Amino acid sequence: MQKRHRDNDLYFSELASTCRQYYIPYLQKVIKVENISVLEIGCGHGGNLLPFYERGCYVVGIDIDKSKIETAIFLFAREKIEPALFEFRIEDFYSTIDTRKYDLILVHDVIEHIRDKEVFMGKAKQMLADNGIIFYRFPAWNMPFGGHQQLCSNKLSSMLPFTHLLPVSIYTKYLNIFKEKNTTISELLEIKQCKVTIVLFQKLVFKTGLKIIDRSLWFINPHYKIKFGLPPLKLNRRIASIKYLRNYFTTSCFYLLKRIQIRIKYTI
Numbered sequence: 223m224q225k226r227h228r229d230n231d232l233y234f235s236e237l238a239s240t241c242r243q244y245y246i247p248y249l250q251k252v253i254k255v256e257n258i259s260v261l262e263i264g265c266g267h268g269g270n271l272l273p274f275y276e277r278g279c280y281v282v283g284i285d286i287d288k289s290k291i292e293t294a295i296f297l298f299a300r301e302k303i304e305p306a307l308f309e310f311r312i313e314d315f316y317s318t319i320d321t322r323k324y325d326l327i328l329v330h331d332v333i334e335h336i337r338d339k340e341v342f343m344g345k346a347k348q349m350l351a352d353n354g355i356i357f358y359r360f361p362a363w364n365m366p367f368g369g370h371q372q373l374c375s376n377k378l379s380s381m382l383p384f385t386h387l388l389p390v391s392i393y394t395k396y397l398n399i400f401k402e403k404n405t406t407i408s409e410l411l412e413i414k415q416c417k418v419t420i421v422l423f424q425k426l427v428f429k430t431g432l433k434i435i436d437r438s439l440w441f442i443n444p445h446y447k448i449k450f451g452l453p454p455l456k457l458n459r460r461i462a463s464i465k466y467l468r469n470y471f472t473t474s475c476f477y478l479l480k481r482i483q484i485r486i487k488y489t490i
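Residue numbers (my numbering): 223 to 490.
Structure representation (structure tokens):
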């Protein structure tokens, strides 16, 4: 497992930095990121939300992991952030009683962990304001580390690409050879089962009554700038147009979605 996944401070600051440098400028193409309401589903330690707070936004983060929410509250409190402007809740998104409508909803590195994606995306849509935006970010399944191998505790197995594409039985044996913990193996197999491709995601967008207002496919994920010092690079347009091949080269997918507005024309 990489150090950043063990070090809460480092992971928090890295996410906040990437959000400031890349996510917010990307979002500002379609929404003014100031004094708006922002919900992050599966917020983890809350690093993505800090830059929005800094712009006067009311931020809400929900996650089922109690320790992550407790860490998020601690890290935000340490930043001396006014409590009235942020809220973190230990909560199952599917059973939330939150009836508010948000101007912006973030779903960052979450959809690839969800089994019933259509139900999830439909629920997220219900919490979106009429003119709101949902920002989905996820790795294409077939890319070198689409299986989240970086979660492995063994250094070598965490660095080997494409191993997640092995058949389940072989992949399980492979992880056991590297003496990965049973909990890690279960998590990686769960990710394999919940995999999401570009085509699948776009079909789900249509099925849930949403529309794509912007899509960016990245050959070098913008977050790799702070992680590895690599400059962000968008996927070549020609490769991006090849339906299945692009999944192997897309390290990060950015999607901005809106509700499909249905207008009924009345005649007299």
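The beta-carbon is built from N, C-alpha and C at its ideal position, and this holds for glycine as well.
Being a predicted model, the structure only gives us computed values, none of them experimental.
Query: How close, in whole Å, do the beta carbons of P361 and T473 come, if the pair is a contact with beta carbons under 8 Å?; Result: 6 Å
Query: Using the C-alpha atoms, what's the distance from I284 back to G264?; Result: 6 Å
Query: Going by other Cβ atoms of all chains shown within 10 Å of its Cβ, with 16 needed for buried, is T430 buried or exposed?; Result: buried
Query: Going by beta-carbon coordinates alone, are I286 and E304 separated by less than 8 Å?; Result: no
Query: By DSSP, does D314 sit in helix, in strand, or in coil?; Result: coil
Query: Evaluate T405 with the Cβ neighbour count: other Cβ atoms within 10 Å of its Cβ, from every protein chain shown; 16 or more gives buried, anything less gives exposed.; Result: exposed
Query: DSSP puts C475 in a beta bridge; with which residues?; Result: F360, L439
Query: If we cut at 8 Å on Cβ distances, does C416 have a partner in chain D?; Result: The structure shown contains no chain D, having only a single protein chain.
Query: What are the boundary residues of the alpha helix (DSSP H) that includes L189?; Result: The requested residue 189 is not part of the displayed model; the chain covers only 223 to 490.
Query: For R384, does the three-state DSSP call read helix, strand or coil?; Result: This sequence places Phe at residue 384; Arg is not what is there. Residue state, collapsed to three classes: coil.
Query: Report the rounded CA-to-CA distance for L388 versus E292, giving the unit in angstroms.; Result: 36 Å
Query: Do T240 and I442 have their beta-carbon atoms positioned less than 8 Å apart in this structure?; Result: no
Query: Pull up the distance between the alpha-carbon of N469 and that of F310, whole angstroms please.; Result: 34 Å
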